[in-house]
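Asks: Have a look at this one before I ask anything.
Protein chains: 2
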Amino acid sequence: MDIAKIGGEFELIKRITKQPTNRQIIRGIGDDAAVIKFGNNYLLFTTDTMVEGDHFSLNYFTPQQIGKKAVEVNVSDIGAMGGEPKFFLVSLVIPKIFDAEIIENIYKGMRETCAKYNIEIIGGNITHGNQLIIDICMIGEALKQNLKFRSNAKPGDIILVSGDLGSSTAGLNLFLKNVNNFDEVKRKHTEPEAKFYKVKSFLKYINAMIDVSDGLASEVTRICEQSNTGAIIYADSIPIKPITKKAAQACEGDALNFALYGGEDFELVYTVSEENLDMVKGIVVGEITEKKGIRLLKDGKEQMLDGHGYDHFLV
Amino acid sequence: MDIAKIGGEFELIKRITKQPTNRQIIRGIGDDAAVIKFGNNYLLFTTDTMVEGDHFSLNYFTPQQIGKKAVEVNVSDIGAMGGEPKFFLVSLVIPKIFDAEIIENIYKGMRETCAKYNIEIIGGNITHGNQLIIDICMIGEALKQNLKFRSNAKPGDIILVSGDLGSSTAGLNLFLKNVNNFDEVKRKHTEPEAKFYKVKSFLKYINAMIDVSDGLASEVTRICEQSNTGAIIYADSIPIKPITKKAAQACEGDALNFALYGGEDFELVYTVSEENLDMVKGIVVGEITEKKGIRLLKDGKEQMLDGHGYDHFLV
Chain A
78 MDIAKIGGEF ELIKRITKQP TNRQIIRGIG DDAAVIKFGN NYLLFTTDTM VEGDHFSLNY
138 FTPQQIGKKA VEVNVSDIGA MGGEPKFFLV SLVIPKIFDA EIIENIYKGM RETCAKYNIE
198 IIGGNITHGN QLIIDICMIG EALKQNLKFR SNAKPGDIIL VSGDLGSSTA GLNLFLKNVN
258 NFDEVKRKHT EPEAKFYKVK SFLKYINAMI DVSDGLASEV TRICEQSNTG AIIYADSIPI
318 KPITKKAAQA CEGDALNFAL YGGEDFELVY TVSEENLDMV KGIVVGEITE KKGIRLLKDG
378 KEQMLDGHGY DHFLV
Chain G
78 MDIAKIGGEF ELIKRITKQP TNRQIIRGIG DDAAVIKFGN NYLLFTTDTM VEGDHFSLNY
138 FTPQQIGKKA VEVNVSDIGA MGGEPKFFLV SLVIPKIFDA EIIENIYKGM RETCAKYNIE
198 IIGGNITHGN QLIIDICMIG EALKQNLKFR SNAKPGDIIL VSGDLGSSTA GLNLFLKNVN
258 NFDEVKRKHT EPEAKFYKVK SFLKYINAMI DVSDGLASEV TRICEQSNTG AIIYADSIPI
318 KPITKKAAQA CEGDALNFAL YGGEDFELVY TVSEENLDMV KGIVVGEITE KKGIRLLKDG
378 KEQMLDGHGY DHFLV
């Protein structure tokens, strides 16, 4: 969930949002999910929209894969806050030419992913439009002590990722450039999965967390902007699989760029203090610094990284 | 919120939905909102999507009015369950040619309606697409004893509506047929308001309730299908304002049809037992019957009413 996916996002977000006044709102706009306290329960709310032609294409996605992915991306947002997904509502916009079978198969995919996480569909609506659009609003729950925010990184924190990056964007590029084979990489794009299970056992040692929906550079930037810090990323430590590098070459792309500025890997990026480093799993990819800005250390040289990675509005 | 807005809806809904298994789910798909119990809190969840060209046109809606309406229709759904709206998430799909001012004005409209109901925007996202689409997911809260379902109408119950019908559809037709004047009626379409405040003081006497988003015939049909009853509607008792009748004439429409099969009046339709009739306000428009089917009594004659009123998918 990111209300801010638009060029000049922080300008706009300042104008259209305001500080929450209701004291039930623990976290409003600006994180992976909103956190609201009802009685003693901490509930999480997030929403993500997938638009045909922008977030997926029916040329290489089956309706079932679209349904699955729509659920996974929202599960990933709930997980990145330290919560468990519970329920969701789904709004479908369907072109008039589509038959009921497509709707049924989208639902089939959603239901399979529901079974995997033990979540349930509690409502929604179906309307007509020019493009296939699927918008899910997911409700999760978290223990207070498990809640993780983007804003809690401290200078000196080590930055880790939960797994390899760049493969989803490599998969997308293989499709766009009609490259044959590389089915494993292509599936990373069409059948992404939330990775929350990887960090569940050591949540208490994590300071700040976010999921990789828009590339590592983008996500670290978000953590730093909200934590009022900077960061240095070690390019050579970023985990990129050999098959991802081969796939990137095959479509004349750069795997490091895919990892930094691609997205939809749904691995988690998290920071921990140096003293807690032994208590967590993951791959070290950088460090939070007092000095502002995001720097990339590559081949012994530092360069500034700009902006927010791949941005749907800047393409 | 109606997942079922599609031709042959009950066939489809049976295939794509299933009975909830989680015991927190008090009411899942099939009412104005889902009801979930978290601790001692009964939370309501609903979502509605407005698609440019289908639910509104920028030819006669200002961006601010679109923002307002999107909030009001969701407030209406929460109110029709006996609840109070609290928070919402908003997904905007914006054509690339739109400038930031349109987004800001949609937000301005939403924020004005938020202030009216003391609700807050807690999240959302903005993506690109071919059409302007605004999808809100609203969260409300209700006291257990105030919860109202479509399924609780009893044979012999009196059917009431909270106010006049047909004016929103008359307004829409005035726009579509380029009829001048009738600004008051046009505003009923562009600036509809939830009417929950009208029934708040006598909620405990209401058996079943629904809001009029798709016309009286449609809403009574939904109550009857879920309550396993039939109904008779008294055509001559349906409250239609003289100005609505004049407007209908001016655009060669029929005001009674607008009331029965139009929609978006957002008045409430509710049933009460005969003995409680004195305890409630509203206009009596019919009666719940054991005999199935929806009949219209008009000029001393009865006729069967078919289907679900105006349906976005049948147009």
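So the sequence lines, in the order shown, correspond to chains A and G. FYI, in our numbering the residues of the first sequence are 78 to 392. FYI, in our numbering the residues of the second sequence are 78 to 392. All C-beta atoms in this analysis are idealised placements derived from N, C-alpha and C, irrespective of residue type, glycine included.
Going by CA-CA distance only, name the one from A:T204, A:A219, A:D154 and A:E351 that's closest to F343 of chain A.
Replies: If we check each option's Cα against that of F343 of chain A, A:D154 comes out closest.
Asks: Tell me which same chain residues have a C-beta within less than 6 Å of the C-beta of D383 of chain G, skipping the five on either side of it?
Replies: So no residue of the chain qualifies.
Asks: With three or more C-beta pairs closer than 8 Å as the rule, is the region 217-237 of chain G touching the region 282-292 of chain G?
Replies: Yes, since at least three Cβ pairs between the region 282-292 of chain G and the region 217-237 of chain G fall closer than 8 Å, the two stretches touch.
Asks: Going along chain G in order, which residues have a C-beta closer than 7 Å to the C-beta of S168 of chain A?
Replies: Simply T124, T126 and D212.
Asks: Output needed in chain order: residues of the region 147-159 of chain A with a Cβ under 7 Å from some Cβ in chain G.
Replies: Residues passing the 7 Å Cβ filter: none.
Asks: Apply the 10 Å Cβ neighbour rule to G116 of chain G and answer buried if 16 or more other Cβ atoms are within range, or exposed otherwise.
Replies: Under this definition G116 of chain G is an exposed residue.
Asks: Given Y387 of chain A, which residues of its chain have a CB within under 8 Å of its CB, disregarding the five upstream and five downstream residues?
Replies: Its pLDDT being 35, under 50, Y387 of chain A is placed unreliably in this model, and the value from its coordinates should be taken loosely. If we look at Y387 of chain A and ignore the five residues flanking it on each side, its Cβ neighbours are T246, D291, G292, S295, Y338, G339 and G340.
Asks: Figure out for me which residue from A:I300, A:V128 and A:G330 has the closest Cα to the Cα of G363 of chain A.
Replies: Comparing Cα-Cα distances from G363 of chain A to each of A:I300, A:V128 and A:G330, the minimum goes to A:I300.
Asks: Can you check which of these residues, G:Y137, G:V170, G:I143 and G:C191, is closest to R255 of chain G by C-alpha distance?
Replies: Strictly speaking, residue 255 of chain G in this sequence is Asn, with Arg absent from that position. The residue with the shortest Cα to Cα distance from N255 of chain G is G:Y137.
Asks: Taking a Cβ distance cut-off of 7 Å, strictly less, list which residues of the region 273-305 of chain G are near chain A, in chain order.
Replies: Answer in chain order: no residues at all.
Asks: With hydrogens ignored, establish whether the beta-carbon of I360 of chain A is closer than 7 Å to any heavy atom of the ligand ZN.
Replies: Although the ligand ZN was asked about, the structure shown includes no ligands whatsoever.
Asks: Is any beta-carbon of chain A found at less than 8 Å from that of L120 of chain G?
Replies: True, the Cβ-Cβ gap to chain A drops below 8 Å.
Asks: Under 7 Å between beta-carbons, which chain G residues line up against A192 of chain A? List them in chain order, please.
Replies: Ordered by position in chain G, no residue passes the 7 Å Cβ test against A192 of chain A, which lies about 11 Å from the chain.
Asks: K275 of chain G: which of G:K263, G:M187, G:V357 and G:D313 sits nearest, CA to CA?
Replies: Ranking the options by Cα distance to K275 of chain G, first place goes to G:V357.
Asks: With a threshold of 6 Å on Cβ separation, who are the neighbours of N182 of chain G within its own chain once the five nearest residues in sequence on each side are excluded?
Replies: P140 and Q141, listed in sequence order.
Asks: Between G:T298, G:D125 and G:G160, which lies nearest to K213 of chain A when the distance is taken from Cα to Cα?
Replies: In the sequence on display, residue 213 of chain A carries Ile and not Lys. Checked all of G:T298, G:D125 and G:G160; the closest Cα to I213 of chain A is G:D125.
Asks: What residue from A:G206, A:Y184, A:F164 and A:V150 has the CA that sits closest to V170 of chain G's CA?
Replies: Among A:G206, A:Y184, A:F164 and A:V150, the Cα nearest to that of V170 of chain G is on A:G206.
Asks: Buried or exposed, going by whether 16 or more other CB atoms sit within 10 Å of the CB of N305 of chain A?
Replies: Classification of N305 of chain A: exposed, given that the 10 Å Cβ count is below 16.
Asks: Count the C-beta pairs between the region 185-204 of chain A and the region 308-326 of chain A that are closer than 8 Å, then say yes if the count reaches three, no if not.
Replies: No, the region 185-204 of chain A does not touch the region 308-326 of chain A.
Asks: What residues are listed by DSSP as bridge partners for V349 of chain G?
Replies: G:I235.
Asks: Tell me which residue opens and which closes the beta strand (DSSP E) that S168 of chain G is part of.
Replies: First-last of the beta strand (DSSP E) with S168 of chain G: E161 to I171.
Asks: Pick helix, strand or coil for N229 of chain G, following the three-state DSSP scheme.
Replies: In this structure, N229 of chain G counts as helix in the three-state DSSP scheme.
Asks: Measuring CA to CA, which of G:T123, G:L121, G:I143 and G:I236 is closest to E129 of chain G?
Replies: The shortest C-alpha separation from E129 of chain G is found at G:I143.
Asks: For P172 of chain G, count neighbouring Cβ atoms within 10 angstroms of its own Cβ and tell me buried if that reaches 16, exposed if not.
Replies: Result: exposed.
Asks: Taking C-alpha atoms, which residue in A:T348, A:G248 and A:T366 lies nearest to F53 of chain A?
Replies: Residue 53 of chain A falls outside the range modelled here, since chain A spans only 78 to 392, and no answer is possible.
Asks: What is the residue span of the alpha helix (DSSP H) that N202 of chain A lies within?
Replies: That residue, N202 of chain A, is in no alpha helix (DSSP H); its beta strand (DSSP E) goes E197 to H205.
Asks: From the DSSP output, read off the bridge partner residues of F115 of chain G.
Replies: F115 of chain G is bridged to G:N118.
Asks: Between F138 of chain G and chain A, is the shortest Cβ-Cβ distance under 8 Å, so that the two count as touching?
Replies: Not an interface residue.
Asks: So that I know if they touch, is there some Cβ in chain A lying closer than 8 Å to that of P395 of chain G?
Replies: With chain G covering 78 to 392 only, the question about residue 395 of chain G has no answer from this structure.
Asks: Enumerate in chain order the residues of its own chain whose CB-to-CB distance from A271 of chain G is below 7 Å, with the five nearest sequence positions on each side excluded.
Replies: Contacts found: E149, V152, S153, G156 and F343.
Asks: Please report whether the beta-carbon of Q204 of chain A lies at a distance below 8 Å from any beta-carbon of chain G.
Replies: Checking the sequence, you will find Thr at residue 204 of chain A rather than Gln. Chain G contact via Cβ: present.
Asks: Closer than 8 Å by beta-carbon distance: list the chain A residues that pair up with E189 of chain G, in chain order.
Replies: Neighbours of E189 of chain G on chain A: none; closest Cβ ~13 Å, over 8 Å.
Asks: Kindly indicate if chain A contains any beta-carbon less than 8 Å away from that of A111 of chain G.
Replies: Answer yes: the Cβ-Cβ gap between A111 of chain G and chain A drops below 8 Å somewhere.
Asks: What residues in its chain sit with their C-beta under 8 Å from that of F164 of chain A, if we drop five residues either side in the sequence?
Replies: The answer, listed in chain order, is I196, E197, I198, I199, M215 and I216.
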